[in-house]
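In the UniProt record's numbering, the protein residues as written are 1 to 141.
Contents: one structure, followed by commentary.
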Amino acid sequence: MSLAGTESACALVLRAISLDLDGELSEFGSHRLRRHLAACEECRARREQMRFLVTLVREQPDVHAEHVMPAVPPRVRRVHFGQWGGAGLRVATTTAVAICIAVGVGGATLPVPHEATDQAKTRLAFADVQHLRAERGVLGL
1 MSLAGTESAC ALVLRAISLD LDGELSEFGS HRLRRHLAAC EECRARREQM RFLVTLVREQ
61 PDVHAEHVMP AVPPRVRRVH FGQWGGAGLR VATTTAVAIC IAVGVGGATL PVPHEATDQA
121 KTRLAFADVQ HLRAERGVLG L
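Right, dumping it as structure tokens:
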């Protein structure tokens, strides 16, 4: 009996996809993931979305607080951002993206046709990238 395409199997596969994209999935887990993806179109599409978002995040340059803080208004500076520089920021961003995707899969959203959802996610991802590039230009990074 195959679990491909069942809701519970797909929920487990999201975690495996995240581990796979980070290069942390075991050989056995990778084999099971490939088998599931071969049979489940929805999970293949989700993997491509996650891969796209992870690639966008990894393409962003490391942000160091000493370059950003002078441009932040004094009222916002109350929180110390020094520990969030470099790879830690990318890991936190990637984790936040994965959590957002996982919450969307958990049934907390209204039913929308997949094409509309996928198009909206793609538009949001591109808008985020444009916003980041615009911010970099304003901050002189």
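In this text, a Cβ means the ideal position worked out from N, Cα and C, and glycines have one as well.
Inset, instruction - Note down the Cα distance separating residue 27 from residue 56, rounded to an integer number of angstroms. - result: What you label residue 27 is simply residue 27 of the sequence shown in a count that begins at 1. What you label residue 56 is simply residue 56 of the sequence shown in a count that begins at 1. When rounded, the distance between both Cα atoms is 26 Å.
Inset, instruction - Drop a sphere of 10 angstroms on the beta-carbon of residue 30, count the other beta-carbons inside from all chains shown, and report buried for 16 or more, exposed for fewer. - result: Locating residue 30 in the sequence shown gives position 30, where the first residue counts as 1. Exposed is the call here.
Legend entry - N- and C-terminal bounds of the alpha helix (DSSP H) containing residue 33: Position 33 of the sequence shown, counting from 1, holds the residue named residue 33. Per DSSP, residue 33 belongs to the alpha helix (DSSP H) from 27-39.
Legend entry - Coil, strand or helix - residue 131 by DSSP: Start at 1 with the first residue of the sequence shown, and residue 131 comes out as number 131. In the structure shown, residue 131 sits in a helix (DSSP, three-state: H, G or I).
Legend entry - Which of helix, strand or coil DSSP assigns to residue 62: Counting from one through the sequence shown, the residue named residue 62 turns up at place 62. Residue 62: coil per DSSP, three-state reduction.
Legend entry - Counted within 10 angstroms of its Cβ, other Cβ atoms place residue 95 as buried (16 or more) or exposed: For the purposes of this step, residue 95 is taken as the residue at position 95 of the sequence shown. Counting Cβ neighbours within 10 Å, residue 95 comes out exposed, since fewer than 16 surround it.
Inset, instruction - Find out if the Cβ-Cβ distance for the pair residue 46, residue 14 is shorter than 8 Å. - result: Your numbering for residue 46 matches position 46 in the sequence shown. Your numbering for residue 14 matches position 14 in the sequence shown. Cβ atoms of residue 46 and residue 14: closer than 8 Å.
Inset, instruction - Please classify residue 124: is it buried, with 16 or more other beta-carbons within 10 angstroms of its beta-carbon, or exposed? - result: Here residue 124 is taken as the residue at index 124 of the sequence shown, counted from 1. Residue 124 is exposed by the Cβ-count criterion.
Legend entry - Separation of residue 126 from residue 64, as counted between CA atoms: As a working note, residue 64 is residue 64 in the sequence shown. As a working note, residue 126 is residue 126 in the sequence shown. Approximately 23 Å, taken between the alpha carbons.
Legend entry - Whole-angstrom distance between residue 50 and residue 98, CA atom to CA atom: Position 98 of the sequence shown, counting from 1, holds the residue named residue 98. Position 50 of the sequence shown, counting from 1, holds the residue named residue 50. Each residue's Cα considered, the two are about 7 Å apart.
Inset, instruction - Below 7 Å CB to CB, which residues in the same chain sit around residue 21 once its five sequence neighbours on both sides are set aside? - result: Numbered from 1 along the sequence shown, position 21 holds the residue referred to as residue 21. Excluding residues within five positions, the ones whose Cβ falls inside 7 Å are 50, 51 and 54.
Legend entry - Nearest-angstrom Cβ-Cβ length linking residue 25 and residue 16, presumed shorter than 8 Å: Along the sequence shown, one-based indexing puts residue 25 at 25. Along the sequence shown, one-based indexing puts residue 16 at 16. Contact holds; Cβ gap of about 6 Å.
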